[in-house]
Amino acid sequence: MLSYQHTYHAGNHADVLKHVILGDVLAGMFNKDTPLFMLDAFASRGIYDLNSAEALKNREFDTGIGKLWPLRFYKHPEGVARWFKLIASANTDGTFSRFPGSTALLHDMCRDFDRLSACDLHPQEFDSLRQAFQASRRFNLLKRDAFEALKALLPPKEKRGLIFLDPSYEVKEEYRGIAKAVIDAHHRFATGVYVIWYPLLPANRHNDLLNDLKRSGIRKILRLELDCGDAFPDMQMSGSGMLIINPPWHAEQAMKASLDWICEQLTEGKGRKQFNWLVAE
Ligand SMILES: C[S@@+](CC[C@H](N)C(=O)[O-])C[C@H]1O[C@@H](n2cnc3c(N)ncnc32)[C@H](O)[C@@H]1O
Numbered sequence: 003m004l005s006y007q008h009t010y011h012a013g014n015h016a017d018v019l020k021h022v023i024l025g026d027v028l029a030g031m032f033n034k035d036t037p038l039f040m041l042d043a044f045a046s047r048g049i050y051d052l053n054s055a056e057a058l059k060n061r062e063f064d065t066g067i068g069k070l071w072p073l074r075f076y077k078h079p080e081g082v083a084r085w086f087k088l089i090a091s092a093n094t095d096g097t098f099s100r101f102p103g104s105t106a107l108l109h110d111m112c113r114d115f116d117r118l119s120a121c122d123l124h125p126q127e128f129d130s131l132r133q134a135f136q137a138s139r140r141f142n143l144l145k146r147d148a149f150e151a152l153k154a155l156l157p158p159k160e161k162r163g164l165i166f167l168d169p170s171y172e173v174k175e176e177y178r179g180i181a182k183a184v185i186d187a188h189h190r191f192a193t194g195v196y197v198i199w200y201p202l203l204p205a206n207r208h209n210d211l212l213n214d215l216k217r218s219g220i221r222k223i224l225r226l227e228l229d230c231g232d233a234f235p236d237m238q239m240s241g242s243g244m245l246i247i248n249p250p251w252h253a254e255q256a257m258k259a260s261l262d263w264i265c266e267q268l269t270e271g272k273g274r275k276q277f278n279w280l281v282a283e
């Protein structure tokens with residue numbers, strides 16, 4: 003398939019949620035000084051150009067970073083502050099055009115003794131990813147199918163890992179495909195922290211993913227969602243959600259504070275949010 007290019011959507015409301023929460027989860031795993039493995043299974047290009055024709059086509063970033071960037075000097079939760087700092091560090095020339103994606107976030111937060119792998123199958127996205135990070139020795143960049151990578155790379159030798167799954171859901175079967183891949187991976191690496199992003203679209207296919215995981219027997223699945231449909235009625239994707247399997251308990255308060263702040267600032271009170279257990283302990 004692979005017609006999807008994330009640059010068209012970079013910086014939108016869903017990217018805000020996914021990157022801030024991903025950072026909160028990872029920060030919560032840093033409470034131990036032992037090495038971590040991180041897998042960005044659907045990495046895309048790492049850094050997006052918000053001045054590109056693709057990003058400017060629908061200006062989706064106006065529903066996300068475009069709206070929040072002017073607030074960067076005010077008080078905000080730790081996860082949001084970390085994310086603003088990352089964006090500022092990608093734009094040191096004073097302009098605001100480079101938007102760091104999930105791989106840039108993981109790369110920035112990763113400690114010297116941690117290990118990172120990032121996969122993308124799309125030839126153009128992968129070339130850009132390689133250009134952005136080839137100098138980094140901590141990085142294993144793979145032009146490889148994410149589903150195969152999950153089988154090959156888990157369990158990691160570190161025995162501690164964060165697995166980020168952010169597919170493009172180009173075909174409706176992918177929701178169940180992701181659930182199956184997570185269930186398989188969890189059999190091999192039950193203590194891993196899995197972070198799964200999903201869109202809220204009119205067809206509500208994300209329920210396939212949620213229902214399959216609910217029935218799987220996996221415990222400790224936290225669900226958070228932000229529906230911004232009333233704030234951005236023209237967006238087909240009204241919002242997005244994340245499932246976090248085995249969330250570090252240190253991260254729960256941080257994630258809640260980030261979600262509350264993002265909802266308030268992005269939607270001016272019109273957003274609908276959820277923060278609850280899909281499956282409790
Ligand atoms: C939503 S984008 C990722 C965005 C990125 N995680 C971020 O936050 O900056 C999904 C990416 O997955 C890639 N992709 C789709 N199917 C794949 C597969 N089976 N294996 C590896 N990459 C895949 C696409 O090329 C696309 O770049």
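For the sequence shown, the numbering used here begins at 3 and goes up steadily by one. Ideal Cβ placement from N, Cα and C applies to all residues, glycine included. All figures in this text were calculated on a predicted structure; none of them were measured in a lab.
Residue i Cβ short of 7 angstroms to ligand 1 heavy atom set
i: residue 123; result: yes
i: residue 201; result: no
i: residue 46; result: yes
i: residue 8; result: yes
i: residue 4; result: yes
i: residue 63; result: no
i: residue 57; result: no
i: residue 148; result: yes
Identity of the residue in the options nearest residue i by Cα
i: residue 48; options: 135, 195 and 186; result: 135
i: residue 64; options: 138, 101, 277 and 129; result: 101
i: residue 233; options: 226, 34 and 265; result: 265
i: residue 198; options: 217, 176, 235 and 282; result: 176
i: residue 244; options: 150, 217, 251 and 166; result: 166
i: residue 276; options: 38, 257 and 283; result: 257
i: residue 211; options: 188, 183, 192 and 221; result: 183
i: residue 79; options: 168, 25, 93 and 146; result: 25
i: residue 168; options: 156, 200 and 193; result: 200
i: residue 269; options: 51, 215 and 68; result: 68
Three-way DSSP call (helix, strand, coil) for residue i in this model
i: residue 275; result: strand
i: residue 120; result: strand
i: residue 190; result: helix
i: residue 48; result: coil
i: residue 114; result: coil
i: residue 163; result: strand
i: residue 6; result: coil
i: residue 203; result: coil
message = If we require 4 or more residues per run, which alpha helix (DSSP H) segments fall completely within the stretch 207 to 239?
response = 208 to 217
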